[in-house]
Amino acid sequence: MSRLGIIALCALLGVVGCKTDEPFNPTEGSDAGRDTADVGRDDVVAEDAAGDTAEDARGDTEPEPDAPGPMGTCTSDEDCAATKECVTGRCGDDGYCAWQVADGFCFVGNVCQPMGTANPRSECEACDPVSDPQGWTVSADGTACTGGDACAGGSVCGDGACVLGDAINCDDGDPCTDDSCDADTGCLHVPSAEANPCDDGDACTQNDVCGANGCEGAAIDCGDGNVCTDDSCDADSGECINVNNTAACDDGSACTEGDVCAVGACVPGAAPNCDDGNICTIDGCNDLAGCYYLPTQSPCCIGENSVCDDGDPCTNDLCDPEGGDCIYEHNTARCDDGSACTRGDTCGGGACQGDAIVCNDGNGCTEDFCDPNRGCGARDLDAVSCDDGIECTVQDICVEGACVGNDEACVCVPEFSDVANRMNTVQLGINGRPGQGLDVDGDAETCAPSNDCSGGVDNALGVLAGIVNPPLGDSVADGSVNLLLEFNGYGENPFALALHQAGLDPDNRDCNVQAQTCNWRVTDDLLDPDTCDRLVTLSATLDGNQLTAGGPGTVFPFSLPLGDAVIELTLYEVQMRGTIAEREGRVATMSVVLGGAVRRGELIDALGALDPDSLPVPPETIAQILDIVVRDDVDTDNDGMPDAASIGIRLDGLEAHIVGVQ
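Following my numbering, the numbering of the sequence shown begins with 46 at its first residue and continues without gaps.
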């Protein structure tokens, strides 16, 4: 095929600027194909001679104003400026444009692809700039793949195609689930019919059957009816064990108190105090009825009432049993003086008195008082000087019981790093393989989901990718979801990697967010209102172009758009791994994987708080997938038991400028 024929074919296929022996032109628009071919004039003449006339078709017409020049002609490097961030252009000595793809990138289908990016149409092809910077390179035989069949394990690439492995084993060992495999989602474990006989593995249960919570049995009753033994069952043998204890008990007599167990029997305690302090009664105790009080005959008594009772709790009322004369002695007994403004009331000198309560609500803008009937109270103050405790406020004054200051000087003005990236790709990893998640639990021997993972990579929630990724991708592409990473202290190790949500600067509305370096204004919800400190950060380091951030114990709030709703999640054990490409001291592009873990209960609660109509699928469907397919695989509270499901999120970023706050 002639060189012009190759150029025409490239234009037809949408490969902008390709030609036979020079890098293609990465300019956009219908003129790009015409402007890109770095073909010498001798070649054009040769084509004319053969009748394949480019010049005849073009005639003597001038190129359109936005084209660099006929067939890529130029007078300076500016004529060859590229509109793709991974391509640079220059004007050659022969007056024709030549373009070069940056290291670490491929330019395929008019799109910059970072090294290692998989071909979305063929997972056994990827970007390998060394092999072919202008196309997809066939992956090495043995590279892991899925083949679109989640029921095949150990699938690998061979001769550029995915060779499916053997069928995976979906037996979860649970007799109360029906196990099967779905080519799209992998293993399914559906609860089997209830009442099916099973074995829960516990020797201390009997008549085990499948129920709502799996295999369940009725506990063996090991109770011997003796409160002085602790009854239990040996889980290995199923034998009952009854051990003597020292618990409180009741010996059956109302005339003992504090009975306790000893050697398997209840031992009586001490006799109760049946003295009622009344000289007009005879006190005694009955095993069945307990304490009893019988009236006695005395000059001091009328029935069971003392003739000397003056009704004053601050006197001990005495009586001479011979003549019935009364004697009153002051005491120090507890009493109540009837005032809500005293406490610790006691008798003294024959009168009840207490300590005054100090009423203080701690608010300098109220006047405190005490009402004898109701206790402490407060009245609001106005126009009184006060201190609101905030250092930057002035002219603090009481307003309706609250201290209010002038806070105009308290508004901080944040200074942003000139190194930032806007995430052009935010996608949930599809499985637990390299590039889709990270080794969150730090155990190379485990990975998740177990039926589609390798190399210790954890991404148990990858099963939700089919639900999450389409609406998420649309939101990122149309600019309705904008996540920015700010590199604070870039050039140092370590530095702080801060997360922001943002919107385009009003003066930069026409910027192409997917291809150009745009100006952004971040929202203030991730900034401390008093100090402007970033509220969501990861400690990060760079080793060459390798970025590492986060680590064990890291907690990271993350907003995950889903349909018309946004799920607010907390990621635990957060890590970030990937590569960056630097240009003129800034991060031009980045390609990383964010890994962490989400506690199942928190995820279900977050889904339940959303309007069901705002989600692409009903929340109960998502909850059912989580319950059936997803297994917790990360221990976030270090108690030795997994309590959260791992997640992997792929992020690709493009240079961005943060110019202020919305």
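Cβ coordinates follow ideal geometry from the N, Cα and C atoms, glycine included. Since the model is a prediction, treat every value here as computed from it, not as a measurement.
Check whether the Cβ atoms of residue 319 and residue 336 sit closer than 8 Å, and answer yes or no. yes
Are there three or more Cβ pairs, one per stretch, closer than 8 Å when the region 497-510 is compared with the region 520-527? no
Could you tell me if residue 645 is buried or exposed, where buried requires 16 or more neighbouring beta carbons within 10 angstroms of its beta carbon? Sixteen is the threshold: when 16 or more other Cβ atoms of the shown chains lie within 10 Å of the Cβ of residue 645, as they do, the residue is buried.
Between the region 578-585 and the region 530-545, are three or more C-beta pairs nearer than 8 Å? yes
Own chain residues within Cβ distance below 6 Å of residue 287, not counting five before or after: 269, 274, 276
So, residue 704 versus residue 554, is the Cβ gap smaller than 8 Å? no
Which two residues bound the contiguous beta strand (DSSP E) that contains residue 544? 540-549
Proximity to residue 339 [Cα-Cα], best of 219, 354, 321: The shortest C-alpha to C-alpha distance from residue 339 to any of 219, 354, 321 is the one to 321.
Cβ atoms of residue 208 and residue 189: under 8 Å apart, would you say? no
Just verifying my parser: in three-state terms, what is the DSSP assignment at residue 201? strand
Starting from the Cα of residue 357, find the closest Cα among 394, 182, 345, 455 and give me that residue. Taking only the C-alpha atoms, the option nearest residue 357 is 394.
Do the region 238-246 and the region 203-221 make contact, defined as three or more Cβ pairs closer than 8 Å? Yes: the two stretches touch, three or more of their Cβ pairs being nearer than 8 Å.
If we count Cβ pairs, one from each stretch, closer than 8 Å, do we get three or more for the region 339-352 versus the region 307-315? Counting C-beta pairs closer than 8 Å gives fewer than three between the region 339-352 and the region 307-315, which falls short of the contact rule.
Using only alpha-carbon positions, find the residue among 690, 172, 199 that is nearest to residue 504. Taking residue 504 as reference, the option from 690, 172, 199 with the minimal CA-CA separation is 690.
Indicate whether residue 668 and residue 613 have their beta-carbon atoms separated by less than 8 Å. no
Helix, strand or coil for residue 441? Go by DSSP, reduced to three states. It is a strand residue.
Closest residue to residue 194 among 352, 179, 550, 231 (Cα-Cα distance): 231
Span separating the alpha-carbon of residue 114 from that of residue 135: Low confidence applies here, because residue 114 scores a pLDDT of 35, under 50, leaving its location unreliable and the question unanswered by this model.
Neighbour-count burial assignment, residue 178, 16 or more Cβ in a 10 Å radius: With 16 or more Cβ atoms within 10 Å of its Cβ, residue 178 is classed as buried.
For the alpha helix (DSSP H) that residue 665 lies in, which residues bound it at each end? Residues 664-673.
Quickly, what does DSSP pair residue 565 with across the bridge? List them, please. 549, 703
Let me make sure I understand the geometry here. Which of 388, 392, 369 has the alpha-carbon closest to that of residue 378? 392
Could you name the residues of the same chain whose beta carbon sits closer than 8 Å to that of residue 560, not counting the 5 residues immediately before and after it, in chain order? 128, 129, 130, 699
Where in the region 580-639 do unbroken runs of the beta strand (DSSP E), each at least 3 residues long, occur, reported from the N-terminal end onward? For the region 580-639, whole beta strand (DSSP E) runs of length 3 or above, ordered along the chain, are 582-588, 591-595, 600-607, 610-628.
Taking 7 Å as the limit between beta carbons, can you name the residues of its chain near residue 236, skipping five residues before and five after? 221, 222
Alpha carbons only, please: which of 425, 456, 428, 448 is nearest the one belonging to residue 437? 456
Could you pull the start and end residues of the beta strand (DSSP E) that residue 389 belongs to? 387-393
Confirm, please, whether the CB-CB distance from residue 464 to residue 631 is below 8 Å. yes
Extract the residue ranges of the alpha helix (DSSP H) inside the region 391-476, only unbroken runs of 4 or more that lie entirely within it. none
Best match in 410, 471, 568 for proximity to residue 449 [C-alpha to C-alpha]: 410
Please name the residue, chosen from 618, 640, 648, 664, that lies closest to residue 683 on a Cα-to-Cα basis. For residue 683, the nearest C-alpha among the options comes from 618.
Going by DSSP, what residue range makes up the beta strand (DSSP E) through residue 554? Run containing residue 554: none; DSSP gives neither H nor E here.
Considering only C-alpha positions, which residue in the set 666, 252, 256, 225 is nearest to residue 239? 256
Cβ neighbour criterion (16 or more within 10 Å) applied to residue 342: exposed
As a quick exercise: from 531, 293, 351, pick the residue whose alpha carbon is nearest that of residue 571. 531
For residue 645, does the three-state DSSP call read helix, strand or coil? Three-state DSSP puts residue 645 in a helix.
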